[in-house]
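Residue numbers (numbering that gives the first Met the number 0), protein chains in the order written: chain A, 0 to 160; chain B, 0 to 761. Here is the structure we will look at, set down as structure tokens.
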Amino acid sequence: MKKRSTLNVRVNGEWVETSVVRGQSLLDFIREDLNLTGTKKGCGRGDCGSCVVLINGRARTTCNLSASKVEGQEITTIEGLAQGNHLHPIQEAFIEAGAIQCGYCTPGMVLQAKDLLDHCAHPSEGDIKEALNGHICRCTGYVKIIEAIQLASQKMKVNPV
Amino acid sequence: MTEIGSRIRLIDAVEKVTGSLKYGSDFKLPGMLYGKVLRSPFPHARIVSMDVNEARRLPGVKAVVTGLEEDLPIYSVAGENYPDERLLARDKVRYIGDEVAAVAAIDEATAREALKRIQVEYEEIPAVFDPVEAMREGAPRVHENIKQNIARTIHIKHGDIDTAFRDSDAVVEATFKTPLVHQAYLEPHSAVAQWDFQGRVTFWIPTQSPTLARMTYANALGISRDKIRIIQMPMGGAFGGKLEYKLHPLCALLARKANAPVKMTNTREEEFTASLPRVPMIIKMRAGCKKDGTLLGKQAEIVADNGAYLNYGPGILLSATIRHDNLYRLKNVQTDSYLVYTNKVPTGCFRGFGCPQSFFAFESLIDMLAHEIQMDPADFRLKNASQSGDTTPHQWYFGSCGLSEAITRSTEKADWYSKRKALPAKRSQDTVYGIGIACCLHVSGNRSFLPFFDGASANVRINEEGHVIVHVGEPDIGQGSKTTFALIAAHELGIPIEWVQVASLDTDISPHGLGTFGDRSTTLTGNAVRSAAIEARQQLLEAAGRKMNVSPSTLSIEEGIIASSQDSSLQMEFKEAAQIVSFERAGATVIGHGHFVPPNVCMVDPTTKVGNISCAYPFVAQIAEVEVNLKSGEVKILSLTAAHDLGKTLNPLLAEGQVHGAVAQGIGFALMEEMRLKEGKVTNPNFKQYLVPKAKDIPPIQTLFVESNDPYGPYGAKGLAEPALTPIAPAIANAIYHATGIRITELPMTPEKVKAALENKA
């Protein structure tokens, strides 16, 4: 039998008490155990940003992080961002700006943007590009993603979340 | 009214932005097993023996399949007549990554462990990696029956090339090389397969063509096509790389053996080592012109490094051989092309289908000719540009051609003429500036292979509540074609786009479509959706007419209201009309059928390759402005101006996105991307070492749309996604030449290469 260890973690506002296989990645735990498949797997080694979630409000890749490392911490996945049917302003901005094509990088991009805007309300274009440096999008050429984050920044100024 | 040409958001954007859309790799079935593939560690070796007993005994292992035990037919993609592969190697392996065996187990870790317990005895044999060496007499044969490893040759000739060069005032020649590059779609390949008790298998796969996948997998598994159902899953990017792929039928093979559903997913490393990247080419090309800039002739020899198995190599070679000849009014052309097997990863389709390779050579050469006769490169192109109404030596007919307008508008936007004069300029001790232009054309659907039929069909279904579902044969591969089809249906039906859904494909339900490739969706399927919507609308108007006692020809639909042009008091809701039709026919759904057969299009002649392969040809002109660091060789792109004759812009929001994405991939191809191989082994199989453009690598992009209103495209629309990539690399190469006087002929144009060329020149 594979060795398991207990894990208590708060995911999208709810505490989860469970056990994980020793060495299991946080990504695998989120996708396979919790069935939250909005968090994507693109590379398995932290190079592409598809698997980014927020851990205590900070964007972090999860494919290269052990699930046991997040004991007691607060995780927000893309499924936890909208309030019911109300999309977060960043999500609205991604749709309005046309920043989504295939959508596979989108959850990671949106959460990275949330980390950025929560810590820097009015980022410059350079700040945004710097924040996106760990993310790959193969569809959009990033142009509209950058525009979306700028738009989200304006939206959040008008209507703080 | 949903207007053609308005900025329409992606109709499935909410699912995507909330993470609720289930992609292929997210899909699960109860009781599902997980499969993994054992791959060859040698580039070329005989399989002497294989022992899988220990793997089978491992607890949790439910099935092990090998090429020695399974009776697997030899097949080729899309029913083509060049069978050269089996799902699992039987006699020998031909590249590092070749599929040898596969395992299904209760989880991936167990499956991986089982792979380690399979004992394979190989006898290594000499391998060949370089395509030119592979063509030599006596080179190791990748496939025993193929002499000198030449899988395909194409010889085309029009006019008189010798006279053309004799009459030329300037003749230039160079040899160009393009690297092995990966589509690098963000979602790795995945598959889920399950058999039923009637011996029928269902696939849940992200694929660009369920029809072609069904045909190929039937041939690969040795079963009839009607035993296969394919349910297309949303996909995280494709770019040509998600046509048929071995992992899918292998998954079915395991599922049959295990008698349980099986899921398989590639790792990123497997993507780089064993999927289907772009065909590298060595292109020796010569061109000549008169002093006044009249282009007289072009001669080329193309050696395409296909890798171990053919896939779509023959079609890609044909495209690389012929397409560029049609860009300008060029009468004398001759090309000899060779598709060559090597002991490397097999290659396949990637946005552009041979054109990013051949246009890099051709559009670099055009720049060289312009320089030779001291003519502005944009003027040179304008002088020779193909025009609407032209028929080329390959018998391509241009019902619309906005090439000259694309060149003119991009030069205006980029301030080309004043910058060409002012530049190259030194900005500092170490940096120089340059500006370059390149063009291309493409197809909107490609008739040059796939003999069955051409065109597309669609159904527009309206239920008794007025809810509209569009069924097409061309999957949305992430580019947003569902939104395009919804826009067309909503526009024709006179309803808000929110009332329209576009179904994902299911071969039990959807029209039998060829799939999404060759820039065919908007033009061919778009036309089919349009005529299906018009037919469905007619059924509603006839029902409304009966009810209102007026002629249906006096009725129209706007904002979901059917109204009479003769009596404004006569109105009916869209859904009421739908209900009338449905209830009159005992609950039947209103279905409008539509299809579109592209006019004047034919298969190419098998020998001369002559034939009009598409009903509409898009044209592109792109201008790159660069800064070259003379010390480091680093090339920084300062701006890109991209002008596209897409016929008609159906939805600028999505069209701009296509251009931006293609430009980014073009920048990757031009400057960064290269799968490096050592003795056949990919040495950079990850995103840390295989660099694709990131946000900071993208310059400001000016996107311009030229609307030439094609006579056959829906509302005039032509293809867009593929040609938007093609001219980037030559535009950048031409800008580097303008800045520095050095001509880079090998991609990617890395700082090392540029620096070496600068030092060479000095």
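Virtual Cβ for every residue (Gly too), placed ideally from N, Cα, C.
Between which two residues does the alpha helix (DSSP H) harbouring L317 (chain B) extend? G312 to I321
Please tell me whether M234 (chain B) has its Cβ less than 8 angstroms away from any Cβ of chain A. yes
Answer with buried or exposed for G137 (chain B), where buried requires no fewer than 16 other C-beta atoms within 10 angstroms of its C-beta. exposed
Between the Cα of G740 (chain B) and the Cα atoms of B:N759, B:M263, B:R380 and B:Y714, which residue gives the shortest distance? B:N759
Answer with yes or no whether the minimum CB distance from T99 (chain A) to chain B is below 8 angstroms. The sequence given here places Ile at residue 99 (chain A); Thr does not occur at that position. Answer yes: the Cβ-Cβ gap between I99 (chain A) and chain B drops below 8 angstroms somewhere.
Taking C-alpha atoms, which residue in B:V76, B:V634, B:M232 and B:G656 lies nearest to A669 (chain B)? B:V634
With distances taken Cα to Cα, identify the nearest neighbour of K91 (chain B) among B:Y714, B:A535, B:A369 and B:P42. B:P42
Kindly say whether F349 (chain B), judged by its beta-carbon, lies nearer than 8 angstroms to any beta-carbon of chain A. no
Just to confirm, is the Cβ distance from F582 (chain B) to E463 (chain B) under 8 angstroms? yes
Quick test of the definition: if touching needs 3 or more C-beta pairs under 8 angstroms, does the region 462–481 of chain B touch the region 235–255 of chain B? yes
Here's the rule: buried if 16 or more other CB atoms are within 10 angstroms of the residue's CB, otherwise exposed. What is F196 (chain B)? exposed
In terms of residues, what are the limits of the alpha helix (DSSP H) holding G660 (chain B)? P651 to I666
Is T524 (chain B) helix, strand or coil by DSSP? helix
Whose C-alpha, out of B:V681, B:N628, B:Q664 and B:V76, is nearest the C-alpha of P726 (chain B)? B:Q664
Let's see if you can read the secondary structure: which residues bound the alpha helix (DSSP H) around N733 (chain B)? I727 to T739
W14 (chain A): buried (16+ other C-beta within 10 angstroms of its C-beta) or exposed? exposed
Less than 8 angstroms between the beta carbons of S631 (chain B) and K752 (chain B), yes or no? no
I'd like the span of the alpha helix (DSSP H) that includes M155 (chain A), first residue to last. V142 to V157
Note the first and the last residue of the continuous beta strand (DSSP E) segment covering R3 (chain A). R3 to V10
Below 8 angstroms between beta carbons: does that hold for M773 (chain B) and V625 (chain B)? For chain B, the structure presents residues 0 to 761; residue 773 (chain B) sits outside this window and is missing.
Would you mind telling me which residues of chain A sit closer than 7 angstroms to A183 (chain B), beta carbon to beta carbon, in chain order? R137
Under 8 angstroms between beta-carbons, which chain B residues line up against N132 (chain A)? List them in chain order, please. K693, A694 and K695
Please name the residues in the region 254–275 of chain B whose beta-carbon is closer than 7 angstroms to at least one beta-carbon of chain A, in chain order. T266 and R267
Cβ shell of R255 (chain B) (< 8 angstroms), same chain only, five flanking positions each side left out: W194 and V200
How would you call P684 (chain B), buried or exposed, if buried means at least 16 neighbouring beta carbons within 10 angstroms? buried
Go through the region 519–600 of chain B residue by residue and report every complete run of the beta strand (DSSP E) that reaches 3 residues or more, in order. 554–557, 560–563, 570–572 and 589–595
Would you say E13 (chain A) reaches chain B, if we count a Cβ-Cβ gap shorter than 8 angstroms as a contact? no
Beta carbon of L150 (chain A), beta carbon of Y141 (chain A): below 8 angstroms? no
Exposure label - C119 (chain A); buried when at least 16 CB within 10 Å: exposed
Residue closest to A112 (chain A), alpha-carbon to alpha-carbon, out of A:C101, A:Q23 and A:E129: A:E129
Per-residue contacts from L652 (chain B) into chain A (C-beta, under 7 angstroms): G97
Could you check whether A113 (chain B) and A192 (chain B) sit closer than 8 angstroms to each other, using their CB atoms as the reference points? no
Host alpha helix (DSSP H) of L757 (chain B) (start-end): P750 to K760
Excluding the 5 residues preceding and the 5 following W203 (chain B) in the sequence, name in chain order all residues of the same chain whose CB lies nearer than 6 angstroms to its CB. F26, V191, I230 and M232
So, for D696 (chain B): in the same chain, excluding its five sequence neighbours on each side, which residues have a beta-carbon less than 7 angstroms away from its beta-carbon? I666
Is the Cβ of R59 (chain A) closer than 8 angstroms to any Cβ of chain B? no
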